[in-house]
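Numbering of the sequence shown is given in my numbering, commencing with residue 720 and proceeding in unit increments.
To start, the structure under review is shown below, and the notes come after it.
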Amino acid sequence: MPAKGKEPVWCIVMFDLPVGTKRERSEATRFRNQLQDLGFGRAQFSVYVQYFPLAARVANVVKILKTQLPRGGDIRIISVTDVQWAKAIRFSRAQEAKTEETPTQMTIF
């Protein structure tokens, strides 16, 4: 996680979960749904991302996810700065594609 809690970051959750039994599939689905409920979007299979305007908010999400971890599999959570995310090189269907842009903040009156 970046040192300063006030800079914008992208939180990336990567996972490999077992799906051999009905129970494992159910737990994997529950975990993916939990990520979506927390505002994460799927970047690739088993890779979910969310933009946070303040890095300090990532710690709260990690606390929540720790209580929802499936019994099996591996899960990795990393944060990269908005600048690092923008420098990523992305390919889709063998063609270079644009990296997702920073979401705009909504203004509520």
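We put the CB at the ideal spot given by N, CA and C, even for glycine.
Source: prediction; values computed, not measured.
With which residues is Arg795 paired in a DSSP beta bridge?
Translated into positions along the sequence shown, residue 795 becomes position 76. Answer by DSSP bridge pairing, in chain order: Met733.
If you follow the beta strand (DSSP E) that Glu815 is in, where does it begin and where does it stop?
The residue labelled residue 815 in the question sits at position 96 within the sequence shown. Its beta strand (DSSP E) spans residues Gln814 to Ala816.
DSSP state of Ala807, grouped into three classes?
Residue 807 sits at position 88 when you count from the first residue of the sequence shown. Ala807: coil per DSSP, three-state reduction.
CB-CB under 6 Å to Arg809, same chain, minus the five flanking residues each way: which ones, in chain order?
If you number the sequence shown from 1, residue 809 lands on position 90. Only Ala816 and Thr818 meet the Cβ criterion.
For Thr800 and Phe750, what's the separation of their Cα atoms in angstroms?
Working through the sequence shown from its first residue, we reach residue 800 at position 81. Working through the sequence shown from its first residue, we reach residue 750 at position 31. Each residue's Cα considered, the two are about 25 Å apart.
Use the C-beta contact count for Ala747: other C-beta atoms within 10 angstroms, 16 or more gives buried, fewer gives exposed.
Translated into positions along the sequence shown, residue 747 becomes position 28. That one is buried.
Suppose you measure from the CA of Gly791 to the CA of Ile797; what does that come to, to the nearest Å?
For this step, residue 791 is matched to residue 72 along the sequence shown. For this step, residue 797 is matched to residue 78 along the sequence shown. If I take the Cα positions, the gap works out to 19 Å.
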